[in-house]
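Enquirer: Going left to right, the sequence shown walks through residues 119 to 583 as my numbering numbers them. Quick one: structure below, then a few questions.
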Amino acid sequence: MKACKKKLSAVLMAGIMSWLVGGAADAADLTAVRATNEVGHTRIVLDMKGLPDGWSSIYNEKAQQVRIHFAGTANRTSGPVQYNNRNSGVLQGVGLASTDTGLDLSLSVNQPIRYHMFTLQNPDRIVLDLFNNYDQRTTKPLKDGVVYTKWDTSTDTGRVKVDALMVAPTEPAVIKADGDKAETLAEVTPTGAISVGLVNAADVAAGLNGEGLAEGTVQLASGEKIPVVPGYQITPVGVLRYIPNQGYTISVETPKLQLKEGDKIYIVSGVNRTRGADELIAYNAAYGSSTHTNVYGKEVTLRRNVVIAKGTNDSKLADADIVLSAHGAMVPVIDALRIGDIVNLQVVPTIVKISAAGTTLAQSKRIVLANGMVTDFDDDNYRGHTLLGVRPDGTLIVLLASGNYRASSGITLEQGGRMLSEFGAVTGIDAGYQRDNDLYANGTYLHRDETSFGTARYGEIIIFP
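Right, here's the structure in full:
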């Protein structure tokens, strides 16, 4: 028997025993219960008026029952549980019982399960996913050189629906990038071709696929004015290209940085990677929530080139900030800086650029897989993603994971990197700005995420003729 109590904004993990004491709850009303059943999975949606502050839960594996108590919550339902069907899923029955302190919810299941709970607002809802370890892949060729895989699987937080393409190095691709004439995939895909939506038209219009505007200058103590280096400017960029007779490749282009103090110049060894011995590494929010460094170093946080914080390790990474992390011989360089100092951090102009041969198809600052290793993202945002990966032989992997709707929980960037690696990719990026995930082939949508505005329109689309 397993029990837990958490705030509703936290993640409820099956198989973990914990108790977190919540504060006093405001009154909340349960108005309806809905259940969506699919093979190996049931999503239960509790329609609420207000949200309770927390819950306590007990999962009895032997009895195959989950019991959840919502403090300060009343049962205001006026009808039975609404099901999409009763022929699949893991749910057998739902029971509701009012108590002196709130409301008890009992869920009977027909097999061993894991479960995950989260809340939504506007309107208020509590969502509970019950799921097993179901994993199934079906594969079929779409045309010569392109193989399609439909993958239904599960993670610790729920069921995930994935559609993937494996595109041979001999199969070319072109990019349609025209935000002013954004269209649906069905409108632009030639007969017999395959297309993947990359960047939603709204994001193109907002400039989210650009680098941002110049940030101005700051003045050093000497009176010299230097360009501001904002956090976003140092993020490595993964660029996907198709090169005839070679196949697909993802190159990672990392800005070169240096730190100038008086007449001395110190080279920054790298950006957004693990710090090694005697190295100076720069980090920004694209790396995660913190630097994850050990205690054997020194760190300073810069905002618009001004030192706003100093520390030893694991510094927080805010959106606009840069953290310089030093080890060994580089520690004195950082240690000499004080809060309020203006730091002459410079982006070194690139003299020799990576070859731009071939067709550039996509670029992203969200690199999820590098040299066969999943990168250290810790965003904990479960949503839809369009991921692009490349195998050593130049084969392209296109992987689309559904977002958090109906019976799908979505994935994190870290999970996406692991999924790409399961298809043999060694380098991978996330594209699409986490809005829509569409795949169109042979006159039909193999993967489509309907939005509140209907079928998504794209300003950037990859087409495999």
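Note that the Cβ used here is the ideal one computed from N, Cα and C, for glycine as well.
1) Please go through the same chain and pick out, in chain order, the residues whose beta-carbon is closer than 6 Å to the beta-carbon of Gly476, but skip the five residues on each side of it.
2) Where does the unbroken alpha helix (DSSP H) through Met537 begin, and where does it stop?
3) By alpha-carbon positions, which one of Val278, Gly415 and Ile186 ends up nearest to Pro170?
4) With a floor of 4 residues, list each alpha helix (DSSP H) that falls wholly inside the stretch 240-308, ordered by position along the chain.
5) Please name the residue in Glu578, Ala559, Leu435 and Gly572 whose C-alpha comes closest to that of Thr267.
6) Which residue wins for smallest C-alpha separation from Val492, given the options Arg456, Ile547, Gln239 and Thr217?
7) In chain order, what residues of the same chain have a beta carbon less than 8 Å from the beta carbon of Asp165, not counting five sequence neighbours either side?
8) Just list the residues that DSSP pairs Glu179 with in beta bridges.
9) Since Val424 is in the beta strand (DSSP E), which residue starts that stretch and which ends it?
10) Grouping DSSP H, G and I as helix and E and B as strand, with all else coil, what is Ile231?
11) How would you call Thr411, buried or exposed, if buried means at least 16 neighbouring beta carbons within 10 angstroms?
12) What does a CB cutoff of less than 7 Å around Asp396 pick up in its chain, not counting 5 residues either side in sequence?
13) For Leu303, I'd like the list of residues in its chain whose CB is within less than 6 Å of its CB, leaving aside the five on either flank, ordered along the chain.
14) Please classify Glu417 as buried or exposed, where buried requires at least 16 other C-beta atoms within 10 Å of its C-beta.
15) Can you confirm whether the stretch 282-293 touches the stretch 195-204 when touching is taken to mean that 3 or more C-beta pairs between the two stretches lie within less than 8 Å?
16) Looking at the unbroken beta strand (DSSP E) that takes in Pro345, where does it start and where does it end?
17) With which residues is Glu156 paired in a DSSP beta bridge?
18) Can you give me the C-alpha to C-alpha distance between Gly334 and Asn423, rounded to a whole angstrom?
19) DSSP three-state label for Val616, please.
20) Based on the DSSP output, what are the partners of Asp147 in its beta bridges?
21) Between Gly194 and Val508, what straight-line distance do the alpha-carbon atoms span, to the nearest angstrom?
22) Touch check for the stretch 504-518 and the stretch 428-444: three-plus C-beta pairs under 8 Å?
23) Just how far apart, CA to CA, sit Phe188 and Gly172?
24) When the Cα of Ile440 is compared with those of Gly356, Ile426 and Thr237, which residue comes out closest?
25) Do Ala480 and Ala404 have their C-beta atoms within less than 7 Å of each other?
26) Which residues bound the beta strand (DSSP E) around Ile579?
27) Below 7 Å CB to CB, which residues in the same chain sit around Ala311 once its five sequence neighbours on both sides are set aside?
28) Which two residues bound the contiguous alpha helix (DSSP H) that contains Val386?
29) DSSP beta-bridge partners for Ser369?
30) Report the residue from Ser482, Asp281, Gly263 and Gly380 whose alpha carbon sits nearest the alpha carbon of Ser340.
31) Does DSSP classify Asp222 as helix, strand or coil?
32) Which of the three DSSP states is assigned to Val413 in this structure?
33) Using beta-carbon positions only, say whether Ile515 and Phe541 come within less than 7 Å of one another.
34) Grouping DSSP H, G and I as helix and E and B as strand, with all else coil, what is Ile312?
35) Does DSSP put Val441 in a helix, in a strand, or in coil?
36) By Cβ distance below 7 Å, which residues in the same chain neighbour Gly263 in space, the five residues on each side in sequence not counted?
Expert: Quick look at the numbers:
1) Within the sequence shown, the letter at position 358 stands for residue 476. Only Arg359, Tyr360 and Ile361 meet the Cβ criterion.
2) Against the sequence shown, residue 537 aligns to sequence position 419. Start and end: Leu531 to Glu540.
3) Counting from 1 along the sequence shown, the entry for residue 170 is found at position 52. Of the candidates Val278, Gly415 and Ile186, the one whose C-alpha sits nearest the C-alpha of Pro170 is Ile186.
4) With a minimum length of 4 residues, the unbroken runs of alpha helix (DSSP H) contained wholly in the stretch 240-308 fall at 303-306.
5) For the purposes of this step, residue 267 is taken as residue 149 along the sequence shown, with counting starting at 1. The candidate whose alpha carbon is nearest that of Thr267 is Ala559.
6) By one-based count along the sequence shown, residue 492 stands at place 374. Considering only alpha carbons, the answer is Ile547.
7) Taking the sequence shown and counting its residues from 1, the one referred to as residue 165 is at position 47. Leu148, Thr149, Ala150, Val151, Arg152, Pro241, Asp242 and Arg243.
8) By one-based count along the sequence shown, residue 179 stands at place 61. Looking at the DSSP output, Glu179 sits in no beta bridge, so it has no partner there.
9) Locating residue 424 in the sequence shown gives position 306, counting from the first residue. Run containing Val424: Val424 to Gly429, per the beta strand (DSSP E) assignment.
10) On the sequence shown, residue 231 is found 113 positions in, with the first residue counted as 1. Residue state, collapsed to three classes: coil.
11) Position 293 of the sequence shown holds residue 411. Using a 10 angstroms sphere on the CB of Thr411, the tally of other CB atoms reaches 16 or more, which defines it as buried.
12) Working through the sequence shown from its first residue, we reach residue 396 at position 278. Here the set comprises His445, Gly446, Ala447 and Met448.
13) In the sequence shown, the residue the question calls residue 303 occupies position 185. Hits under 6 Å: Ser313, Gly315, Asp556 and Tyr558.
14) Your numbering for residue 417 matches position 299 in the sequence shown. Answer is buried; the Cβ neighbour count reaches 16.
15) By the C-beta criterion, the stretch 195-204 is judged not to be in contact with the stretch 282-293, since fewer than 3 inter-stretch pairs fall below 8 Å.
16) Taking the first residue of the sequence shown as position 1, residue 345 is located at position 227. Counting along the chain, the unbroken beta strand (DSSP E) around Pro345 starts and ends at Lys343 to Pro345.
17) Within the sequence shown, numbered from 1, the residue matching residue 156 stands at position 38. Paired residue(s): His159.
18) Translated into positions along the sequence shown, residue 334 becomes position 216. Translated into positions along the sequence shown, residue 423 becomes position 305. If I take the Cα positions, the gap works out to 11 Å.
19) There is simply no residue 616 to check, as the chain begins at 119 and stops at 583 in what is shown.
20) Taking the sequence shown and counting its residues from 1, the one referred to as residue 147 is at position 29. DSSP lists Lys167 and Ala192 as partners of Asp147.
21) Position 76 of the sequence shown, counted from the start, is the residue given in the question as residue 194. Position 390 of the sequence shown, counted from the start, is the residue given in the question as residue 508. According to the sequence as given, residue 194 is Arg; it is not Gly. Taking the Cα positions, Arg194 is about 53 Å away from Val508.
22) Contact between the stretch 504-518 and the stretch 428-444 is absent, because fewer than three Cβ pairs lie under 8 Å.
23) To locate residue 188, count along the sequence shown from 1; it is residue 70. To locate residue 172, count along the sequence shown from 1; it is residue 54. Near 7 Å, if we compare the C-alpha coordinates of Gly172 and Phe188.
24) The sequence position of residue 440 within the sequence shown is 322, counting from 1. Taking the Cα of Ile440 as reference, the smallest distance to any Cα among Gly356, Ile426 and Thr237 is reached at Ile426.
25) Taking the sequence shown and counting its residues from 1, the one referred to as residue 480 is at position 362. Taking the sequence shown and counting its residues from 1, the one referred to as residue 404 is at position 286. Result no, Cβ atoms of Ala480 and Ala404 do not sit closer than 7 Å.
26) One-based indexing of the sequence shown puts residue 579 at position 461. First-last of the beta strand (DSSP E) with Ile579: Tyr576 to Phe582.
27) Counted from its first residue, the sequence shown places residue 311 at position 193. For Ala311, the CB contacts under 7 Å within the same chain, skipping 5 residues up- and downstream, are Ile581, Phe582 and Pro583 in chain order.
28) By one-based count along the sequence shown, residue 386 stands at place 268. It is not in any alpha helix (DSSP H) - Val386 carries neither H nor E in the DSSP assignment.
29) On the sequence shown, position 251 is the one that residue 369 refers to. Ser369 is bridged to Val357.
30) Residue numbering aside, residue 340 sits at position 222 when the sequence shown is read from its first letter. If you compare the alpha carbons of Ser482, Asp281, Gly263 and Gly380 with that of Ser340, the shortest gap goes to Gly380.
31) Counting from 1 along the sequence shown, the entry for residue 222 is found at position 104. Residue state, collapsed to three classes: strand.
32) Numbered from its first residue, the sequence shown carries residue 413 at position 295. Residue state, collapsed to three classes: coil.
33) On the sequence shown, residue 515 is found 397 positions in, with the first residue counted as 1. On the sequence shown, residue 541 is found 423 positions in, with the first residue counted as 1. Yes, the Cβ-Cβ distance between Ile515 and Phe541 is below 7 Å.
34) Position 194 of the sequence shown holds residue 312. Strand at Ile312.
35) What you label residue 441 is simply residue 323 of the sequence shown in a count that begins at 1. Val441 falls in the strand class under three-state DSSP.
36) Mapped onto the sequence shown, residue 263 falls at position 145. Closer than 7 Å at the Cβ level, and outside the excluded window around Gly263, lie Val285, Ala286, Thr288 and Glu289.
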